[in-house]
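A short worksheet on the structure shown next.
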Amino acid sequence: MSSYRFCRTDDIQLLVDALNRCWSPYFSEEPPTTPAAFKRSIRDLQVWCSSCMVAFSGSDPIGVLIGAKRPSGTLIHKIAVHPDHRRQGHARHLLTSLSSKLAILGPPRIVAEVPETNAEACALFTASGYAEEAVLTDYVADVGPNFRLRQGYGGLAEASAEAVSSAAPQSADNDAGRFVIPITVDDLAANDLLKPVPQMCWERAVETLTARKDDVAGFAVASDERIEGYLLYVQGGEIVSLCTVVEDGGARLKQLLAPLSAQGMRVFRFPKVHTSEISQELLETLGFRPAGTHRLYATRARSA
């Protein structure tokens, strides 16, 4: 006999066990989920235990749904059914139950970001009334050791020297009065540059960057008057934000990639990019190539 229930904040171990039993068989390359990792997802992605569900057969978890909630909507972060219990309607029931709850409590928007290669998950969301709203593209750039600025590296103005003393070598374009300087998430927020972008993926949204700000580093091209472009990244070469406010064919953005190469990073990853953030043409100019896609599905919560 199958049963289902929403979870509480004291159900973290249950959710961890359900993920390891139901999700891990399909993603064996991922490390097992731990309570610490789940708590990080609460901090970083705003996973809400009350938006998570577990399906049971007796006392055994056979299905799990992990939901993250923000004022803008709810993300179906993960959904999986144990291999021995597939095709029995459990995943549809989990989605329907969450939709009914959100129809009453809100927010009404529900989204999912599904790898295009996961045909069964795409079919599940389509059959459950979700509409494909956008395509998010993963980009990768292989950067060789000879990736350098044409200007070469030089010293910064004396006022900036202390700020960059522990960073990678920085470049200065003294003729134009522009410098590459370290920057943080808080710096961008203080300069009113950390703003929501339509269709941006959940993992790189403003709320996530703010929650993860202690793990995020960055560089900016700055003039005496303003920040003209910036790059945020986490260790390992994953870019979480890349933006220019000046139309220059990507020159400033390439300037920002050079310090990462100087730190020994040879592969840059920029996941789930929507064209409202930055165009494919510009990314290809910078040496990025498409390496996969996700489909962004969306629906409105409704009572069953």
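Start counting the sequence shown at 4; every next residue gets the next number (my numbering).
In this text, a Cβ means the ideal position worked out from N, Cα and C, and glycines have one as well.
Nonlocal neighbours in the same chain, by C-beta distance under 7 Å from residue i, ignoring five residues either side
i	result
residue 3	The displayed coordinates of the chain run from 4 to 307. Any statement about residue 3 would go beyond what the structure contains.
residue 131	95 and 98
residue 305	102 and 106
residue 202	137, 277, 279 and 299
residue 47	211, 214 and 215
residue 186	221, 222, 223 and 233
Residue i in three-state terms, based on DSSP
i	result
residue 160	Residue placement at residue 160 is flagged as unreliable, the pLDDT there being 27, under the threshold of 50; a coordinate-derived value is accordingly withheld.
residue 72	strand
residue 187	coil
residue 198	coil
residue 288	helix
residue 120	coil
residue 107	helix
residue 2	There is simply no residue 2 to check, as the chain begins at 4 and stops at 307 in what is shown.
residue 137	strand
residue 100	helix
residue 219	coil
residue 228	coil
residue 305	coil
residue 295	strand
residue 146	coil
residue 126	helix
residue 193	helix
residue 324	Since the first and last residues shown for the chain are 4 and 307, residue 324 lies out of range.
Residue nearest to residue i in terms of C-alpha spacing, selected from the options
i	options	result
residue 232	217, 216, 252 and 214	252
residue 210	229, 222, 189 and 224	189
residue 44	15, 202 and 107	15
residue 21	280, 46 and 67	67
residue 126	90, 229 and 30	90
residue 249	133, 41, 230 and 110	230
residue 259	280, 288 and 222	222
residue 13	30, 28 and 38	38
residue 134	304, 299, 305 and 307	299
residue 141	114, 51 and 275	275
residue 69	60, 84 and 61	84
residue 81	5, 128 and 271	128
residue 28	86, 62, 110 and 58	86
residue 301	115, 228, 191 and 63	115
residue 303	54, 288 and 109	109
residue 199	73, 264, 79 and 62	73
residue 290	267, 256, 266 and 265	256
residue 60	24, 284 and 297	24
Minimum Cβ-Cβ distance from residue i to chain D less than 8 Å
i	result
residue 216	Chain labels in this structure do not include chain D; a single protein chain is all it has.
DSSP bridge partner residues for residue i (one or two, in chain order)
i	result
residue 67	57 and 83
residue 92	Beta-bridge pairing links residue 92 to no other residue.
residue 78	71 and 114
residue 6	59
Same chain, Cβ closer than 6 Å to residue i, five either side skipped, listed in chain order
i	result
residue 75	none
residue 286	142
residue 307	99 and 103
residue 88	65
residue 93	58, 66 and 84
Close beta carbons around residue i, own chain, < 8 Å, minus the five adjacent residues each side
i	result
residue 295	118, 119, 120, 140 and 141
residue 10	17, 18, 52, 53, 55, 56 and 57
residue 168	With a pLDDT of only 33 at residue 168, under the threshold of 50, the placement of this residue in the model should not be trusted; the figure read from the coordinates follows. Nothing meets the Cβ criterion.
Quick one: which unbroken beta strand (DSSP E) runs of 3-plus residues sit fully inside the segment 8-62? Chain order, please. Those beta strand (DSSP E) runs which fall completely within the segment 8-62 and span 3+ residues are 56-60.
Continuous beta strand (DSSP E) assignments of at least 3 residues falling wholly in the segment 251-282: Considered as a whole, the segment 251-282 harbours 270-276 as its complete beta strand (DSSP E) runs of no fewer than 3 residues, in chain order.
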